[in-house]
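This report refers to the structure that appears directly beneath it.
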Amino acid sequence: MERKVYRSELTPVSFLRRSAFIFPDKTAVVHGDRRYSYRQFAERVDRLASRLRADGLRPGDRVAFLCPNIPALLEAHFAIPAAGGILVAINTRLSAAEVAFILRDSGARFLFVDAELAPLAEGGAPAGCAVVRVDDTGRPGDPYEDYLAAGAPAPVASWLADEEETIAIDYTSGTTGGPKGVQYTFRGAYLNALANVIGLGLNGASVYLWTLPMFHCNGWCFPWAVAAVAGTNVCLRRVEPGRVWALFEAERVTHYCGAPTVQIGLVNDPAARPLDRPVTFYVGGAPPSPTLLAQSHALNLHPIHAYGLTETYGPATLNEWRPAWDALPEEEQARIRGRQGQAHVTADLVRVIDGAGNDVPRDGATLGEVAMRGNTVMKGYYNQPEATAEAFRGGWFHSGDLGVWHPDGAIDLRDRKKDIIISGGENISTIEVERAIARHPAVLECAVVAIPDPRWGERPKAFVTLKPGRAATAEEIIAFCREGLAGFKCPAAVAFGDLPKTSTGKVQKYVLREREWAGQAKRIN
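Take my numbering: the final residue in the sequence shown is number 535, and no numbers are missing along the way.
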């Protein structure tokens, strides 16, 4: 006899529904002087969803948002999937040409654009795309607020038929060609959000500060994670370290996320001081140096090293602390914190594989590529079946990141495939060299790339940003490295200045490489 199973499709929209029902008067969103309760938050979401339906949104229509970390974008994470559309949150730091590419490639039918960013979208929307300006005032007369006011303050009927439907399309940075649209599913977003709740330790008392861009991997799925526990979102139009320290105190922030470059700015800001309570944060996007992690601890900022890609909904692994490590020397603890760890609770365990797809030895030394699969790996690239098939060759997603596998199961990144330096037949990890340089007391941040060498083929070169008011010479940096690195790993040259970065804080090493290899017989990737 067939047994019927009664269940609901997994959707992160349900997190808001539950929190608004149980905790209607709890503060959901803080933005300057504005405060929205969960009842108000849910009503604004419902108004946006119903207005989109009234304006002709069809199932699967793409709805683009070009906004900073403001309430409108937070609301979009619930309203658009509730209405039956697909959210396309666009990187606010792209050029007008890049924004136009994403709007055309996604086939956006609606575009909501912040007033400050409106010039980036002029003329870029495809024909028939409705455009709504967001003034971010929260008051009548703001086109976005007027748009919401015309919607109904009640939930629309769900069109979701399968939790494997696409909830969002997030575009990669596209440094070597046009960006690719990474498709997230309702199921994946739901599960990744719950993994964030568990991994970062969110609860009803959590106050989450939006230092991480919401456009980046849908804010690593934290819009949905914070709603799941009825926590409070503190919105922030732009990350200014002094402002962040002020909000730590004024709003009693408990959690935040960001790339190492954000954390570097915080720990070195004049306002930095040890807090009277612990604040927990995910750091990811690039491997943080042990030095940065130690500086954070001294300020009562407690890092959890997360690792992932756009294709894995943001965090895929966590470096979860083990009590036995408390007895280790501080320098060893800092080194362990720099590892990428293992899969979070709703992901499959990650592997480190060789060119044939076999596991490398768990010896902490053998280099291989990090590979993932599971519920929190993308559905595929939007309208790019060939690229999707290549990424999932052998049934696993190939990250392009090289690392080692430790005996305790933790992975430890060594480099991107394209960043590894091969000097005289020896592999040099740029991350290892960068970590050595970062220990120098005058260094704020650094990057290392390969430069041509007539004898060895290529050698490392360091690009260093010094702390304000501090000085160091190239010779001093190289001599400092020789204290802890083999001679062939030490930089052959050092340049000083600001580092080129992506909009999410990653150093653009390809820009540095192109400068150094101009006119040389080497492919730049």
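Beta carbons: idealized from backbone N, C-alpha and C, even for Gly. Being a predicted model, the structure only gives us computed values, none of them experimental.
Cβ distance (whole Å) where residue i is taken to contact residue j below 8 angstroms
{"i": "Gly324", "j": "Cys456", "result": "Rounded, the Cβ-Cβ distance is 25 angstroms, inconsistent with contact."}
{"i": "Leu204", "j": "Gly241", "result": "In fact, because the Cβ distance is near 13 angstroms, the residues do not count as touching under 8 angstroms."}
{"i": "Val387", "j": "Glu321", "result": "6 angstroms"}
{"i": "Ile421", "j": "Gln343", "result": "Actually they are not in contact, since the Cβ atoms of Ile421 and Gln343 sit about 18 angstroms apart, beyond 8 angstroms."}
{"i": "Arg248", "j": "Pro78", "result": "7 angstroms"}
{"i": "Gln350", "j": "Leu423", "result": "5 angstroms"}
{"i": "Val123", "j": "Val98", "result": "With a Cβ gap of about 12 angstroms, Val123 and Val98 do not count as contacting."}
{"i": "Arg61", "j": "Leu158", "result": "7 angstroms"}
Coil, strand or helix - residue i by DSSP
{"i": "His416", "result": "coil"}
{"i": "Pro280", "result": "coil"}
{"i": "Thr320", "result": "helix"}
{"i": "Arg28", "result": "helix"}
{"i": "Gly405", "result": "helix"}
{"i": "Gln394", "result": "coil"}
{"i": "Pro325", "result": "strand"}
{"i": "Cys267", "result": "strand"}
{"i": "Asp425", "result": "strand"}
{"i": "Ile100", "result": "coil"}
{"i": "Val459", "result": "strand"}
{"i": "Thr483", "result": "coil"}
{"i": "Thr185", "result": "Confidence at Thr185 is low in this model, with a pLDDT of 46, below 50, so its placement is unreliable and the value that follows should be read with caution. Correct three-state label for Thr185: coil."}
{"i": "Asp336", "result": "helix"}
{"i": "Leu204", "result": "helix"}
{"i": "Gly252", "result": "helix"}
{"i": "Ile80", "result": "coil"}
{"i": "Asn612", "result": "Given a span of 11 to 535 for the chain in the structure shown, any question on residue 612 remains unanswerable."}
{"i": "Arg72", "result": "strand"}
{"i": "Arg45", "result": "strand"}
{"i": "Pro470", "result": "strand"}
{"i": "His312", "result": "strand"}
{"i": "Tyr154", "result": "helix"}
{"i": "Ala107", "result": "helix"}
{"i": "Arg17", "result": "coil"}
{"i": "Gln530", "result": "coil"}
{"i": "Val387", "result": "coil"}
{"i": "Ala353", "result": "strand"}
Short Cβ contact (7 angstroms threshold) for residue i with residue j
{"i": "Lys36", "j": "Tyr48", "result": "yes"}
{"i": "Lys471", "j": "Ile461", "result": "yes"}
{"i": "Val277", "j": "Gln305", "result": "yes"}
{"i": "Phe88", "j": "Val23", "result": "yes"}
{"i": "Val459", "j": "Gly413", "result": "no"}
{"i": "Leu201", "j": "Thr21", "result": "no"}
{"i": "Arg262", "j": "Val192", "result": "no"}
{"i": "Asn228", "j": "Ala178", "result": "yes"}
{"i": "Trp415", "j": "Val370", "result": "yes"}
{"i": "Ala316", "j": "Leu303", "result": "no"}
{"i": "Asp156", "j": "Asp145", "result": "no"}
{"i": "Val109", "j": "Ala125", "result": "no"}
{"i": "Cys267", "j": "Ile80", "result": "no"}
{"i": "Arg469", "j": "Ala502", "result": "yes"}
{"i": "Tyr391", "j": "Lys516", "result": "no"}
{"i": "Leu76", "j": "Leu26", "result": "no"}
{"i": "His265", "j": "Leu210", "result": "yes"}
{"i": "Ala326", "j": "Gly295", "result": "no"}
Run of the beta strand (DSSP E) containing residue i, from where it starts to where it stops
{"i": "Asn243", "result": "Thr242 to Val244"}
{"i": "Val141", "result": "Ala140 to Val144"}
{"i": "Ile177", "result": "Thr176 to Tyr181"}
{"i": "Gln518", "result": "Run containing Gln518: none; DSSP gives neither H nor E here."}
{"i": "Ile363", "result": "Arg361 to Ile363"}
{"i": "Thr290", "result": "Val289 to Val293"}
{"i": "Asp124", "result": "Phe120 to Asp124"}
{"i": "Leu219", "result": "Val217 to Leu219"}
{"i": "Gly191", "result": "Gly191 to Thr195"}
{"i": "Gly378", "result": "Gly378 to Met382"}
Contacting residues, own chain, Cβ-Cβ under 6 angstroms from residue i (five flanking each side not counted)
{"i": "Glu340", "result": "none"}
{"i": "Arg68", "result": "none"}
{"i": "Trp255", "result": "Ala281"}
{"i": "Gly404", "result": "Gly367"}
{"i": "Gly378", "result": "Val362, Ile363, Asp364 and Val370"}
{"i": "Ile90", "result": "Val73 and Leu97"}
{"i": "Met11", "result": "Only weak support exists for where Met11 lies, its pLDDT of 47 falling under 50; the value from the coordinates is given anyway. Hits under 6 angstroms: none found."}
Cβ neighbours of residue i in the same chain (closer than 7 angstroms, five flanking residues each side left out)
{"i": "Pro163", "result": "Glu53, Asp56 and Arg57"}
{"i": "Asp508", "result": "Thr475"}
{"i": "Glu19", "result": "Leu170, Asp172, Glu173 and Phe196"}
heavy atom of the ligand NAD below 6 angstroms from residue i C-beta
{"i": "Arg469", "result": "As far as ligands go, the structure on display features none, and thus does not contain the ligand NAD."}
Residue i, enclosing alpha helix (DSSP H) - first and last residue
{"i": "Pro501", "result": "Element bounds for Pro501: n/a, residue is neither H nor E."}
{"i": "Ile441", "result": "Thr440 to Ala448"}
{"i": "His41", "result": "Run containing His41: none in the alpha helix (DSSP H); it sits in the beta strand (DSSP E), Thr37 to His41."}
{"i": "Pro129", "result": "Ala128 to Ala131"}
Same chain, Cβ closer than 8 angstroms to residue i, five either side skipped, listed in chain order
{"i": "Asp286", "result": "Asn310"}
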